[in-house]
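Have a look at the structure below, then the notes.
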Amino acid sequence: MSRGSDPTPRMADQGVKFTTARRRAGWAAAATIVAALAAVRWGAGTSQDAAPAGTLDISREPVPSRSPTFVQRLDVSVFQRGNLHAHSARSDGDSPAQLVFAWYRDNGYQFLALTDHNNYLDVTRPPASQVRDLLVIPGEEVTMAAAGQPVHVNALCTKRRIGGGTFRTAQAAVAWATSEILAQGGVALVNHPNFHWALEADDIASAEGAQLVEIFSGHPHVRSDGDAAHTSAEEKWERALSSGQSIAAVAVDDMHSLTGANKHVPQVAPGTGWVEVFAEEASQEAICAALGAGRLYASSGPRLTRLAVTSDTMTLWVDPPDMMVEFIDRWGALLEATPTTAEAEMSGAAHRASYRLRGPEQYVRARVTAPDGSRAWTQAYRVTR
Ligand SMILES: [Zn+2]
Ligand SMILES: [Zn+2]
Numbered sequence: 029m030s031r032g033s034d035p036t037p038r039m040a041d042q043g044v045k046f047t048t049a050r051r052r053a054g055w056a057a058a059a060t061i062v063a064a065l066a067a068v069r070w071g072a073g074t075s076q077d078a079a080p081a082g083t084l085d086i087s088r089e090p091v092p093s094r095s096p097t098f099v100q101r102l103d104v105s106v107f108q109r110g111n112l113h114a115h116s117a118r119s120d121g122d123s124p125a126q127l128v129f130a131w132y133r134d135n136g137y138q139f140l141a142l143t144d145h146n147n148y149l150d151v152t153r154p155p156a157s158q159v160r161d162l163l164v165i166p167g168e169e170v171t172m173a174a175a176g177q178p179v180h181v182n183a184l185c186t187k188r189r190i191g192g193g194t195f196r197t198a199q200a201a202v203a204w205a206t207s208e209i210l211a212q213g214g215v216a217l218v219n220h221p222n223f224h225w226a227l228e229a230d231d232i233a234s235a236e237g238a239q240l241v242e243i244f245s246g247h248p249h250v251r252s253d254g255d256a257a258h259t260s261a262e263e264k265w266e267r268a269l270s271s272g273q274s275i276a277a278v279a280v281d282d283m284h285s286l287t288g289a290n291k292h293v294p295q296v297a298p299g300t301g302w303v304e305v306f307a308e309e310a311s312q313e314a315i316c317a318a319l320g321a322g323r324l325y326a327s328s329g330p331r332l333t334r335l336a337v338t339s340d341t342m343t344l345w346v347d348p349p350d351m352m353v354e355f356i357d358r359w360g361a362l363l364e365a366t367p368t369t370a371e372a373e374m375s376g377a378a379h380r381a382s383y384r385l386r387g388p389e390q391y392v393r394a395r396v397t398a399p400d401g402s403r404a405w406t407q408a409y410r411v412t413r
């Protein structure tokens with residue numbers, strides 16, 4: 029799988045630009061960012077009293093009123109791994125559904141949504157009802173065309189088939205699919221915005237009420253990273269967030285091929301992108317509720333062992349330990365980039381990174397980059413005063 033350039037968000041409030049670490053450069057380039065950012069961090073050179081990241085005690089006293097605080101508090105260390113986008117021979121995948129279920133079960137996943145094109149998976153019937161030790165989520169990939177381009181929205185946790193259609197505009201397509209999914213009490217996932225460059229950032233807003241959007245896909249044709257003329261899927265998500273839309277980012281593999289042997293099937297392998305859902309158990313009720321509320325993080329490699337958001341501090345604990353963590357605000361403004369640091373704990377050494385609110389943030393999200401260039405993304409946690 030090849031990836032192009034990474035997003036180049038603008039430092040909206042400082043009026044300067046920076047370039048994020050490119051995937052293959054990984055750690056070295058990311059470390060350079062730390063030095064470059066020393067001069068542009070929030071509060072640098074002022075009298076603000078923020079402690080260095082990575083040294084904060086998250087159990088500190090609540091901050092006084094009128095100070096910035098996170099709207100949502102959480103402390104999660106139990107995650108359920110799942111993939112929200114995969115195909116079998118029921119549509120254009122190369123393997124029977126039974127083998128697809130077995131692959132995810134045997135490779136550390138707790139749940140899977142098998143999303144064949146316009147082909148609803150009823151989990152009360154075989155083969156899904158016969159699966160053991162893997163939760164199978166009902167749904168389909170609502171597969172539409174708009175102005176000659178493919179527009180796809182995954183229906184998750186739905187009750188019956190929706191099917192596709194042909195629309196005049198991409199906005200009309202995503203709006204229709206989303207409303208059909210929500211009418212069934214389901215979860216709408218706006219797929220691969222950059223596939224055939226079908227969706228612009230503003231089109232995501234047309235998916236009113238959609239809970240999820242893909243910002244990473246293992247499918248090489250969907251160009252998640254954009255190119256010289258097109259923004260990345262992550263930047264499109266960031267624009268939607270910055271405009272006030274509440275929508276959570278996911279990573280998927282869009283698996284089509286377990287065998288790699290059929291030249292008529294896209295050679296898209298499993299296991300390249302997934303989500304880690306904040307849930308104590310992998311029941312359909314718990315997973316669908318968490319998906320609908322965006323309680324998850326996305327990953328193409330790094331694992332968080334714990335994620336905590338207190339009144340004024342976000343902290344991530346990671347595994348493996350050597351990660352670069354960027355804390356990012358609205359419009360992609362980089363608040364801080366820091367390597368994870370070791371802390372001594374009763375149970376042994378853990379590696380973490382923290383960001384404490386300094387004042388002007390609208391939201392804070394974290395992007396974790398591993399030495400091999402793989403990444404994990406938290407959701408954006410909004411700030412109030
Ligand atoms: Zn698709
Ligand atoms: Zn697909």
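Residue numbers in the sequence shown follow our numbering, run continuously in steps of one, and reach 413 at the last position.
By construction, the Cβ of each residue, glycine as well, lies at the ideal position given by its N, Cα and C atoms.
The model shown is predicted, which means the values in this text are computed figures rather than measured ones.
Cβ-Cβ distance between residue i and residue j below 8 angstroms
i    : j    : result
A276 : L240 : yes
L142 : A117 : no
L286 : P294 : no
P349 : T333 : no
P96  : V296 : no
T186 : P166 : yes
S311 : L163 : yes
A235 : T206 : yes
P221 : K264 : yes
S260 : W359 : no
Y391 : D357 : yes
D103 : A336 : yes
A307 : A289 : no
A156 : V179 : no
Residue i in three-state terms, based on DSSP
i    : result
T206 : helix
Y137 : coil
D150 : coil
E242 : strand
H224 : helix
E236 : coil
R94  : coil
E308 : coil
A114 : strand
R358 : helix
L127 : helix
I165 : strand
A277 : strand
A321 : coil
R50  : Low per-residue confidence applies at R50: pLDDT is 37, beneath 50, and the placement is therefore not dependable, though the value from the model is reported in the following sentence. Coil.
D231 : helix
S382 : strand
L142 : coil
T406 : coil
Q177 : strand
Q212 : coil
Q100 : coil
A257 : coil
A81  : Bear in mind that a pLDDT of 39 at A81, under 50, signals an unreliable position, so the number given afterwards is only what the model happens to contain. Coil, per DSSP.
R413 : coil
Close beta carbons around residue i, own chain, < 7 angstroms, minus the five adjacent residues each side
i    : result
H145 : S119, D120, E169 and T171
G73  : Caution is warranted here: a pLDDT of 31 is assigned to G73, below 50, making its placement in the model unreliable, and no coordinate value can be reported.
R189 : Y148 and E168
G320 : V215 and Q239
Range covered by the beta strand (DSSP E) that runs through residue i
i    : result
R393 : Y391 to T397
S327 : L324 to S327
Q295 : From DSSP, Q295 is part of no beta strand (DSSP E); its letter is neither H nor E.
G193 : G193 to F195
H284 : No beta strand (DSSP E) contains H284, which DSSP labels as neither H nor E.
R331 : R331 to V337
V346 : T341 to D347
Element boundaries [alpha helix (DSSP H), containing residue i]
i    : result
R267 : A261 to S270
Own chain residues within Cβ distance below 6 angstroms of residue i, not counting five before or after
i    : result
R267 : A229
Q407 : A276 and G322
W345 : T333, R334, A378 and R380
V159 : F129
Q199 : D231 and S234
Residues near residue i by beta carbon distance below 8 angstroms, same chain, minus five either side
i    : result
Q273 : I232 and A233
G136 : R109
R413 : R94, S95, P96 and T97
D281 : N111, H113, A114, S245, G246, H247, V296, A297, P298, G299, T300, G301 and W302
W405 : I243, F244, E262, A277, A279, Y325, A326, S327, R393, A394, R395 and V396
Any C-beta of chain C under 8 angstroms from that of residue i
i    : result
T338 : You won't find chain C in this structure, because it holds only one protein chain.
Any non-hydrogen atom of ligand 3 closer than 7 angstroms to residue i Cβ
i    : result
E169 : In the structure on display, ligand 3 does not appear, and the ligands it does have are ligand 1 and ligand 2.
Rounded Cβ spacing between residue i and residue j (contact assumed at less than 8 angstroms)
i    : j    : result
R395 : R403 : 6 angstroms
W225 : H258 : 6 angstroms
A173 : T194 : 5 angstroms
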